[in-house]
Structure formats: C-alpha cells, structure tokens
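Counting the sequence shown from 1 gives a position; my numbering is that position plus 775.
Heads up, the beta-carbon is just placed ideally off N, CA and C, and yes, glycines get one too.
This one's a predicted model, so the numbers in the text were calculated from it and none came from an experiment.
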Amino acid sequence: MPFELPELDYEYDALEPHLDALTMEIHHSKHHAGYTSKLNAAIEGTDMDGLSIEELLSKHSDNNAVRNNGGGFWNHNLFWSIMCPSGGGQPDGELASAIDEKFGSFESFQKEFANAAMTRFGSGWAWLCVDNNGGLCICSSPNQDNPLMDSSGHPILGIDVWEHAYYKKFGPGRGDYIASWWNVVDWPQVSANYHSASAN
Ligand code: MN3
C-alpha cells in the first residue's frame, strides 16, 4: 500500500490569524503531497516496499530519497496533528510535570524550544522528544531529518522552520512565526504523543 497524504482535521483557514490559509494550503497540498509521492516512487518495486514509515526512517535513512521524502512525509504528519484551531495555552497532567521537572518551568521550556528553532541554520525542524531513557529533550534537525533516523529520540512536538512554513505571512521573521505558532499547539495531542512514546 502506498503512503497517503493525510487529510487535515481542520480547514486551511482554521489556524488564522496565527498561520495563514494560503501557506497552509500550499504547505499541505504541494509540499507534503510532493514528499508523499516521491517517497512512494522511491520505494516502489524495492525490498523497502511494505515497511512502515518508522522502519524506513530508522533502517534506510542512508538512502537519500527515503531520507528526504520519508522524513518530509513523517515530519509533516506530526506537524499537522499537533496543531488545532483551539490550541495554545499550556499542557497539564504528566506532560506538564515532566516539562517542569526537565526545564524548570513551561516558560523556560518555551524559551529553549524557540531557541532551538531560531538557531537551526537554513531549513529544518526543532523537536521536543522522548529520549531513550524516557526523559524529555529538545533538539533540532537539518532539512527533513528527524531523531528517528539515528534512534536518538521520538518526537512528540515539532515545528517546521523551512521558509515555506512562514515566509508568506512573516517574511524573514522566523521569531514572529514561532511566537504565533504557540497559539495553535494542540497540547492534549502532544500529551497523547508523550504517553505513547513513553510506553515504548
Ligand atoms: Mn514543510
């Protein structure tokens, strides 16, 4: 079965005014669709056909087409799923406790995460991950790489800092984009990701 571009759970304009509809539409229907079809083309007829996306990323990231397009496929799947129109605020429950324990406070976590996103030179992503010891960690990756590729952690939250994610609305203002993006983060979904990643 080829990989399929996921439907969004909300309309392209649903994250306005924080993320603009045109960027959302192009990002999903062109960029994410492109990674998806190129991933399918890269594995069709090879012995990689039939592997899960996680298996492809952890075992076949030495294949550049799989690395770039499989990474793009997985990363954007996460990205859409951790945003929602009623997002923002702060997490609660065990994720909130884990953030406080690791980073001191939610504000300190936000600062460190935004710094990882700001200092990623060129195109890439910043991540909040569950590491191999079950703790939280922040990191960033170039291009469409992610921590599944070197098995260093499992992302539960990620922000796309490619210019295609923000340039139409924010121009070169990556910091303004990051500040706006916090308003659409779906913390209940991030908490669910935290629990499933911690259970592994
Ligand atoms: Mn993108």
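In the three-state DSSP reduction, Ile818 falls in the helix class (H, G or I).
Of the candidates Tyr785, His807, Leu870, the residue whose Cα lies closest to the Cα of Gly909 is Leu870. Sequence-distant partners of Gly928 (beyond 5 residues in either direction) whose C-beta falls short of 8 Å from its own C-beta, in its chain, are Trp902, Cys904, Val905, Asp906, Asn907, Cys912, Cys914, Pro922.
In the displayed model, His835 falls within coil according to three-state DSSP, outside both helix and strand.
When DSSP states are grouped into helix, strand and coil, Val959 belongs to the helix group. One residue list follows from the rule of a beta carbon closer than 6 Å to any heavy atom of ligand 1, given in chain order as His802, His806, His851, Asp935, Trp937, His939, Ala940. With contacts defined as CB atoms closer than 9 Å, Met893 and Gly950 qualify as a contacting pair. Counting along the chain, the unbroken alpha helix (DSSP H) around Asp875 starts and ends at 868-878. Its Cα nearest to that of Tyr952, the residue Glu938 stands out among Gln964, Val965, Glu938, Pro963. Sequence-distant Cβ neighbours of Ser833 in its own chain, meaning closer than 8 Å and more than five residues away, are Leu923, Met924, Ser926. In terms of Cα proximity to Tyr810, the closest of Ser966, Gln919, Val936 is Gln919. Boundaries of the beta strand (DSSP E) harbouring Ala901: 899-906, taken from the DSSP string. In this structure, Val936 and Gly899 form a Cβ contact; the two beta carbons are roughly 6 Å apart against a cut-off of 8 Å.
In terms of Cβ geometry, Pro866 and Ser966 form a close pair [threshold 9 Å]. With respect to His803, Trp849 sits apart: the two C-beta atoms are not nearer than 9 Å. Selection Thr798, Phe778, Ala974 evaluated against Lys944 yields Thr798 as nearest (Cα-Cα). Each residue's CA atom was taken as its position, placing Phe878 and Leu853 some 23 Å apart. Between Leu780 and the set Lys805, Leu794, Asp795, Glu882, the nearest pair of CA atoms involves Lys805.
Counting the other CB atoms within 10 Å of its CB gives Ala891 a total of 16 or more, which places it among the buried residues.
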